[in-house]
Each structure stands twice: as C-alpha cells, then as structure tokens.
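Going by this note's numbering, the first residue of the sequence shown is number 298, and it counts up by one from there. Glycine included, every Cβ here is placed at the ideal spot set by N, Cα and C.
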Amino acid sequence: MIHVGYYNGRIEPLETLMIPAGDRAVYFGDGVYEALLFRGRILFGFEEHLDRFENSCRMLRLPLPMSRDQLKAELMKCVDATDSPDGMLYWQLSRGTEMRHHDFPEPDVRPNLLAYTKPMAMPTFAKKRRLKTVEDTRYLHCNIKTLNLIPSVMAAQAAKEAGCDEAVFHRGETVTECSHSNILIFKNGVLRTHPADNLILPGITRMHLLALARDLGIPVEETAFTLADLREADDVLVTSSTVLFSTAEEIDGIPVGGCARELCGRLRSAYMEKFNTCTSSK
Ligand code: PMP
298 MIHVGYYNGR IEPLETLMIP AGDRAVYFGD GVYEALLFRG RILFGFEEHL DRFENSCRML
358 RLPLPMSRDQ LKAELMKCVD ATDSPDGMLY WQLSRGTEMR HHDFPEPDVR PNLLAYTKPM
418 AMPTFAKKRR LKTVEDTRYL HCNIKTLNLI PSVMAAQAAK EAGCDEAVFH RGETVTECSH
478 SNILIFKNGV LRTHPADNLI LPGITRMHLL ALARDLGIPV EETAFTLADL READDVLVTS
538 STVLFSTAEE IDGIPVGGCA RELCGRLRSA YMEKFNTCTS SK
C-alpha cells in the first residue's frame, strides 16, 4: 500500500479509510498527535516522540488506552504494511466517539487511535528556506501537541502565498517558533533558541540538535530572541522531524545568514551520523 491507513486496529489504504463522524477529533480537534521518520522500517526518535505524546495526553487528561509497547506494536503494523521501507509515520489519539458535547465523554468511551504512513525520501539538508514572519496569535498552550492547528494552517498558507516555505511566528518583537518547525539562530558562535516553555512546541529535532551542539562544545542559549536578532543572525536554522534541519536564505524577501557555515556543517554531519546510526539495523 502507498499510504497505509490505520484506525483502532483496522488497516486499509488511507484514501478509503473511514472514521465515525462522532470522533471528537472531527468536531473539536480533541486529541494529540505525533509524526516521525522511519528508515528501513526503524522509527527515528520513537522514545522521545512517545515521551512527548504521553506528556501531551497527560496535559489534556486523555487516558492512554495501551502500554508504550502495545502502541509501538500497533504503529508497526502500519509501517510493516507500507510498500516503502522509508517514510513518515503519523499518529493521533482522540478522546473517543460520542454525540457532540464539550465536556468529556462517559468514562467507558475509549480513545481512538488513527495512524498513517507516507513513503518519503530521506531529508538531504540541501534546500534553503525562505521564511515569512507572521504575528503569533496562538493560545498559551503551544507546548501541547494538539490537533488544533488553525493559526498554524493560516500562517503556513500566508507563507506559501508569499512564495515562502515556512512562517516564523513572533509575539510582538519576540520570535517563538515556526508554523510547523522550531527556529534557532547562530550569532557569534552561540546557538540560540526560545526556551521550551508554553509558547513553543518542544520539538524533538530541536532537542536532538541542542544536545549535539553541546556534545560538539558549541555554546547553547535557550533564551528568547527578537525579530532584529533573527534578521541579523549569522545563520538561521529551522528544525522539524520530517525535514530535520535546514538553513534559511531569506526572511520577508531580505537575504539572511550564510555566515556560520562551518558550525552549521558540523551540526549537519553530527545529525546525519545520529540519524544513520539510529536507523541502521543492529
Ligand atoms: N513547532 C511546531 C508548531 C510544530 O508543529 C513542529 C512539528 N510538529 C515542530 C515545532 C517541530 O517539532 P519536531 O522536531 O518534534 O517535529
């Protein structure tokens, strides 16, 4: 199958997979999700994604219907049914199916697990990004990876219409993250990014990159920076699980970065090595 769909144990092509209209994901976006890459059918960063998934569920008081091992086994059914050994795995858990009412369903209503896979070539780090700044009008729970993504959808579309690849969110002068990525800057040899508080999603790629930078002896600062800092950065890095990381070449049509190539190159090699080691069969 090209796009393998999964819903509560049922597997079929994603294009024909039906889910009940009463699934609370449909009318409230009442659930959480994760997405990661797999190569040779090995999931990259699965434990870290699972930790964040469990955290998101805890913050939404969404009970996990199965153990970590059982969840992995269910998700692997999807990966194993995929034609390609390399791709992207998405999964989401919603608060179950019931007639629409805002408060939680009855306790006997079980959460719904939906997943799908998409064959994907592995990222090459080659493509440079064009970014567009957009005011961050999201709420104050951006650390929870919920299905509610409307401000991100609107920002991503605004970026696309401006001929850009990604939108950079800012609250006033303070840069937070991007519509579906984290953002980091290099300035005078220091790697800087917004702290992992409630205003950003604690990205797994961001976390990996910061750890690799520390291992390489590159100074890291988790402090907020401004739009001016962004425009004057030596280099701007955009990270996410599906792209890993890329550097920016333009912000709002003005060239940016290109002055910390050596540091970006060292991080890129370290990240590639980590990715290759984690996804090569033992
Ligand atoms: N921030 C937001 C808002 C995102 O949607 C994503 C991607 N899911 C990220 C950051 C990057 O997170 P990760 O590295 O875990 O994919």
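Among the options, whose alpha-carbon lies nearest the alpha-carbon of residue i?
i      : options                        : result
Pro382 : His300, Ala567, Pro408         : His300
Glu399 : Gly319, Ile548, Ala456, Ala455 : Looking at the sequence provided, one finds His at residue 399 rather than Glu. Minimum Cα distance to His399 is reached at Gly319.
Ala550 : Phe343, Asn305, Lys457         : Correcting the residue type first, residue 550 is Gly in the shown sequence and not Ala. Taking only the C-alpha atoms, the option nearest Gly550 is Lys457.
Ala455 : Thr430, Thr471, Arg435         : Thr430
Lys374 : Leu411, Glu546, Ser577         : Leu411
Leu428 : Leu524, Leu513, Pro408         : Leu524
His346 : Arg503, Pro448, Phe325, Glu432 : Arg503
Leu390 : Leu527, Asn305, Phe343, Gly555 : Asn305
Glu371 : Pro402, Asn409, Arg397         : Asn409
Thr520 : Arg307, Ala493, Pro317         : Ala493
Val553 : Glu570, Ile308, Asp531         : Asp531
Thr471 : Ile515, Gly460, Met356, Asp526 : Asp526
Leu496 : Pro516, Ile515, Phe466         : Phe466
Thr379 : Leu446, Ile339, Phe401         : Ile339
Asp377 : Ile316, Met298, Gly514, Ser566 : Met298
Thr576 : Gly384, Asp348, Asp405         : Gly384
Cys556 : Asp405, Asp348, Thr544         : Thr544
Ala453 : Ala464, Met417, Gly460         : Ala464
Is it true that the CB of residue j sits closer than 9 Å to the CB of residue i?
i      : j      : result
Ser538 : Gly562 : no
Leu437 : Leu386 : no
Asp462 : Lys415 : no
Phe341 : Phe542 : no
Arg392 : Arg321 : yes
Arg426 : Glu546 : yes
Tyr413 : His505 : no
Leu498 : Val533 : no
Glu303 : Leu314 : Looking at the sequence shown, residue 303 is not Glu but Tyr. Contact: yes.
Arg468 : Glu518 : no
Phe483 : Leu560 : yes
Ile515 : Leu564 : yes
Thr394 : Pro448 : no
For residue i, which of helix, strand or coil comes out of DSSP?
i      : result
Cys461 : coil
Cys475 : strand
Glu345 : helix
His505 : helix
Ala453 : helix
Pro448 : helix
Val376 : helix
Lys369 : helix
Phe466 : strand
Asn440 : coil
Phe401 : coil
Thr583 : Any answer about residue 583 is impossible in this case: the structure gives the chain only from 298 up to 579.
Leu314 : coil
Gly328 : strand
Thr574 : helix
Asp512 : helix
Query - Meets three-Cβ-pair contact criterion under 8 Å: the stretch 435-454 and the stretch 328-342 - result: yes
Report task. Assess, as a yes-or-no matter, whether the stretch 529-543 is touched by the stretch 472-491 under the definition of 3 or more beta carbon pairs within less than 8 Å. Result -> yes
Query raised in the report: Do the stretch 480-488 and the stretch 507-516 meet, that is, are 3 or more Cβ pairs less than 8 Å apart?
Result: yes
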